[in-house]
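Down below is the structure, laid out as structure tokens.
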Amino acid sequence: PPFPVALMLLGALNLVVPPILLGGGLSRLVLQQDAQSSGALAVGAALCVTVLGGGFRYMKSRPAAWKAVEQPSASATQFDTDLNSRGEAEVAAIRDEQESIKRQIQSAVAFNVVFLATGYRAFTVTADALSERLAMAARWEALPALCLVAAVVNVGVRRYPDANRSKALTNGVVTGEIRLPASFLQNTLEQFAIGLPVHIGLAAILPQHALQLVPSLVCLWCLGRVFYWLGYSKVPVFRAYGFSMSIAPSAAGLVMLNLYNFFGVDVPQLICGA
Numbered sequence: 006p007p008f009p010v011a012l013m014l015l016g017a018l019n020l021v022v023p024p025i026l027l028g029g030g031l032s033r034l035v036l037q038q039d040a041q042s043s044g045a046l047a048v049g050a051a052l053c054v055t056v057l058g059g060g061f062r063y064m065k066s067r068p069a070a071w072k073a074v075e076q077p078s079a080s081a082t083q084f085d086t087d088l089n090s091r092g093e094a095e096v097a098a099i100r101d102e103q104e105s106i107k108r109q110i111q112s113a114v115a116f117n118v119v120f121l122a123t124g125y126r127a128f129t130v131t132a133d134a135l136s137e138r139l140a141m142a143a144r145w146e147a148l149p150a151l152c153l154v155a156a157v158v159n160v161g162v163r164r165y166p167d168a169n170r171s172k173a174l175t176n177g178v179v180t181g182e183i184r185l186p187a188s189f190l191q192n193t194l195e196q197f198a199i200g201l202p203v204h205i206g207l208a209a210i211l212p213q214h215a216l217q218l219v220p221s222l223v224c225l226w227c228l229g230r231v232f233y234w235l236g237y238s239k240v241p242v243f244r245a246y247g248f249s250m251s252i253a254p255s256a257a258g259l260v261m262l263n264l265y266n267f268f269g270v271d272v273p274q275l276i277c278g279a
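Residue numbering for the sequence shown follows the working numbering, starting at 6 and increasing by one per position.
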């Protein structure tokens, strides 16, 4: 099709704009509370739980899709080089998985907006000089680094030599037992590499009264890792929810930083005000 990049961007906007608007509308209830108050935290926490539960129901609102993902047919789990040989049932199962992923992304985006609004309204961070801002961001990065260490250890303990384990596993071959932990480690490393410059960059340009968004983003990133693991360990396709919790804020942050770097557009200032 003509302009494939433009069409892809339009498709992405069509996917994420509705949940952003929904999350923004709910966030107004948090932003109406007094700043740095227990009321803002209580309302925000209640909304986060509500959005989390509502998102789960939304993801399960198509039982056929849920069943198709939970109980794939044997043929659906095999790599097939001839796409034309796929039957109608298999194609329908793939479409159900695609719909499931879209719903997970939308649910996660709505949750992200409410979570960040809660962190923005309920907490405060004081750091005036640039060095203080960068030091604050660096200290908070210890939390994602801890998640990365946990992922490394999770793989390491499974590769520790044991008489009851395959020699290939302890020699580093990615087999069935190690596939999930290795994939989780790989994705966590990728997400860490993306999130690190975002958190540090935003710490440098955010308005003073919005610096609490940096630790909020870090906590959201870590929460995304938890949901990624839980979803992946249950049914692999359900990792999209936790994946979107981490990648969506990072991608938005990268867009903001590049607009600021190359065009001088201060998006955080426009959103948060002076």
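Backbone N, C-alpha and C define an ideal beta-carbon position, used for all residues, glycine too.
Since this is a predicted model, take the numbers as computed values, not measurements.
In this structure, the CA atom of L57 is about 19 Å from the CA atom of V223.
The three-state secondary structure of N192, taken from DSSP, is helix. Sequence-distant Cβ neighbours of F116 in its own chain, meaning closer than 8 Å and more than five residues away, are G28, C53, V56, L57, G60 and M250. In this structure, Y125 lies near S221, with their beta-carbon atoms less than 8 Å apart. Approximately 7 Å separates the beta-carbon atoms of V219 and L211; this is inside 8 Å, confirming the contact. L36 sits away from A127, with the two beta carbons spaced by 8 Å or more. C-alpha of C277 to C-alpha of Q217: approximately 12 Å in a straight line. In terms of Cα proximity to A209, the closest of P149, L174 and A142 is A142. Residue environment analysis places L135 among the exposed positions, since fewer than 16 neighbouring C-beta atoms fall within 10 angstroms of its C-beta.
For S43, the enclosing alpha helix (DSSP H) has its first and last residue at S43 to M64. Taking the C-beta atoms as reference points, A257 is found no nearer than 8 Å to Q109.
In the three-state reduction of the DSSP assignment, N169 falls in the coil class, being assigned neither a helical nor a strand state. Here the alpha carbons of Y237 and V154 stand approximately 19 Å from one another. DSSP, read as helix, strand or coil, puts V242 in helix.
With fewer than 16 other Cβ atoms inside 10 Å of its own Cβ, Y165 counts as exposed.
If you check the CB distance, V118 and S32 come in under 8 Å. L174 sits in a helix when the DSSP states are folded into three classes. Here the alpha carbon of V114 sits roughly 32 Å from the alpha carbon of E182. Approximately 5 Å separates the beta-carbon atoms of R138 and A132; this is inside 8 Å, confirming the contact.
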